[in-house]
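The numbering used here numbers the first residue of the sequence shown as 574 and each following residue consecutively. The beta-carbon is built from N, C-alpha and C at its ideal position, and this holds for glycine as well. Treat the numbers as computed from the prediction; the structure is a model and nothing was measured.
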Amino acid sequence: MSNQRPHFEKKELALSSSPYVYLPVDIPVYTVEVSHRDEIDGDLLQRALDQAIYRMPYLSDTLEIDHGAVYYAKNPLPMEAAYHPGPRPIGGKETNYHLLDLTWDRNKTWFSMFHGFCDGQGINAFLESVLYHYYCLKDGVEYDPNGIRTEKSKETPAETYEPCSRQYEVSPDFKMPEKKEQPAPYHLPEIVRNPNGEVLEYGFRLPSDAFMRFVKENGTSPAVMLSMLVGEAIKRVHPDAGAPVMVNIPVSVRRMLGCEETFKNCSSRAVLPISGTPLDALPFAQRAAQLRSMLKQQMNTDLFRSIYNMLGAMYGKRMAEATDYREEIRKPAGFMTVCHDTFYIDYIGSMHKTAYAGQITDVRFLCKPAAGNTLHLNVIEHNGEFRVACLACSDVTPLTDVMEQVIKDHGLQVQRTPQQRFGLPLTAWKEGL
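Listed below in structure tokens is the structure:
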């Protein structure tokens, strides 16, 4: 049997995948781990997966390299809900060259993706559709899908829209803000790389009602408030920090580009100075409101349209001129590099509210922490709780201990969850090159 990767029928260029497909190394999979009250029925899970893919056939696509350019491609090979004790390498023979994967063991399911194929909204559409169909089959009930993609809604071209495929209209009087020189952000000395790739996770749970009440009382948003609490903990642990504490907040820009339905990569970031600036002199509530205002100012439609006009032209030119993939990944990748500042907080939001939500007991987002000396936080709201996971490849117990105390000092309830650790397989989508 040949080990060579089969050729797949090309579709459109994978422009928005550029920051991931041209990396010189493979990257770990991104996985959502879902814990269920009951043990999984593998046969029903496979049927649910089949139904989800029938509704969203584009999620079974793969990527195809032609000379140096990368395309989405039709993959007719079956997608399997595999019995396996955790995530699998994806994109290679083991998963029939699919770039989304589903595995299960006992009462857990793992939904994995290659970030060059889709982003968080893409994998959420995948897992929520599978879970919806699974619980309908398991419980013998036709639940209200409440916005989840099922056979009750038809596939539209908007679901596969390529955000970098066209030039966006920008207001005639808009000018890109001047880039101001800023001091380098503070970097956390306790965060170092783990050569084995193992990730440590420190978790917190906060009741949603109380936390959202606290957020609104201070005139801000959940991501900003959590950033302030983390920043306060960093300053307590490192009172002599000689540089501003900055947070990087990834944001979906679908609304600004008018492509709310796409599963493809469509994101940017906002950066806020959490401490170490003149804002420190303001009372807590005023600082919270001011930081929210700064975040809203960065969420400017013309700004993101201008950025995507630039990215679309850059990515398109690169793929149009590409002749050899091995040569492409040797080119400078400066435009792919993102500075993650002092800490990185990915506020994932909430899953769709469903009648079977109580049967889902936990949701974790497993990923490689952000680059550099950066604390990485994933945040999701589910079943009446905000779940905050702090990820690092080294021991940050002193920092997370203080973080817990900061949350309590603001009068909030918080439950610390046991420290966990995990490793992630590398993607194998370039298998055979």
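Per DSSP, GLY689 is not a residue of any beta strand (DSSP E), being assigned neither H nor E. Looking at the backbone, the Cα of GLU790 and that of VAL607 are separated by about 32 Å. GLY641 and LYS904 have their C-alpha atoms spaced approximately 12 Å apart. Taking 8 Å as the cut-off, the Cβ atoms of ASN838 and CYS940 do not count as close. By the neighbour-count definition (other C-beta atoms within 10 Å, threshold 16), GLU732 is a buried residue. For GLY776, the enclosing beta strand (DSSP E) begins and ends at 772 to 780. Fewer than three pairs of CB atoms, one per stretch, sit closer than 8 Å, so the stretch 767 to 777 makes no contact with the stretch 846 to 864. Around the Cβ of PRO758, a 10 Å sphere holds 16 or more other Cβ atoms; the residue is buried.
Under the three-state reduction of DSSP, THR934 is assigned to strand. In the DSSP assignment, TYR920 falls within the unbroken beta strand (DSSP E) covering 916 to 923. At least 8 Å separates the beta-carbon of PRO649 from that of LEU997. Rounded to whole angstroms, the separation of the alpha carbons of PRO756 and PRO817 is 8 Å. Here DSSP, grouped into helix, strand and coil, assigns LEU1006 to coil. Considered as a whole, the stretch 753 to 829 harbours 781 to 790, 795 to 810 as its complete alpha helix (DSSP H) runs of no fewer than 4 residues, in chain order. Contact check for THR723 and TYR705: beta-carbon distance about 6 Å, within the 8 Å limit, so the pair qualifies. Secondary structure of LYS869 (DSSP, three-state): helix. Runs of the beta strand (DSSP E) spanning 3 or more residues and lying entirely within the stretch 672 to 726 occur at 673 to 678, 681 to 686, in chain order. Contact between VAL844 and THR915 does not hold, since their C-beta atoms are separated by about 10 Å, which reaches or exceeds 8 Å.
For ARG994, the enclosing beta strand (DSSP E) begins and ends at 988 to 995. By the Cβ rule, the stretch 827 to 842 does not count as touching the stretch 795 to 807, because fewer than three pairs are nearer than 8 Å. By the criterion of at least three beta-carbon pairs nearer than 8 Å, the stretch 678 to 696 is in contact with the stretch 825 to 839. DSSP places PHE959 within a strand segment (E or B) once states are collapsed to three. When the beta-carbon positions are compared, GLY792 and ALA862 come within less than 8 Å of each other. With contacts defined as CB atoms closer than 8 Å, SER702 and ARG628 qualify as a contacting pair. Residues CYS966, SER967 of the same chain have their beta carbon placed closer than 8 Å to that of ASN767, with the five preceding and five following residues left out of the count. Minimum Cα-Cα distance from LEU675 among the listed residues ILE980, LEU588, ILE613 corresponds to ILE613. Membership of PRO846 in any alpha helix (DSSP H) is not indicated; the residue belongs instead to the beta strand (DSSP E) covering 840 to 848. By the criterion of a C-beta distance shorter than 6 Å, SER685 is surrounded in its chain by VAL602, THR604, PRO660, ILE663, ASP674, once the five residues flanking it on both sides are discounted.
Considering only ALA625, LYS681, LYS727, the residue with the shortest C-alpha distance to LEU710 is ALA625. GLU582 sits in a strand when the DSSP states are folded into three classes.
Here SER794 is actually not in contact with VAL803; their C-beta atoms are around 14 Å apart, not less than 8 Å. In this structure, LYS584 places its C-beta atom within 8 Å of the C-beta atom of ALA646.
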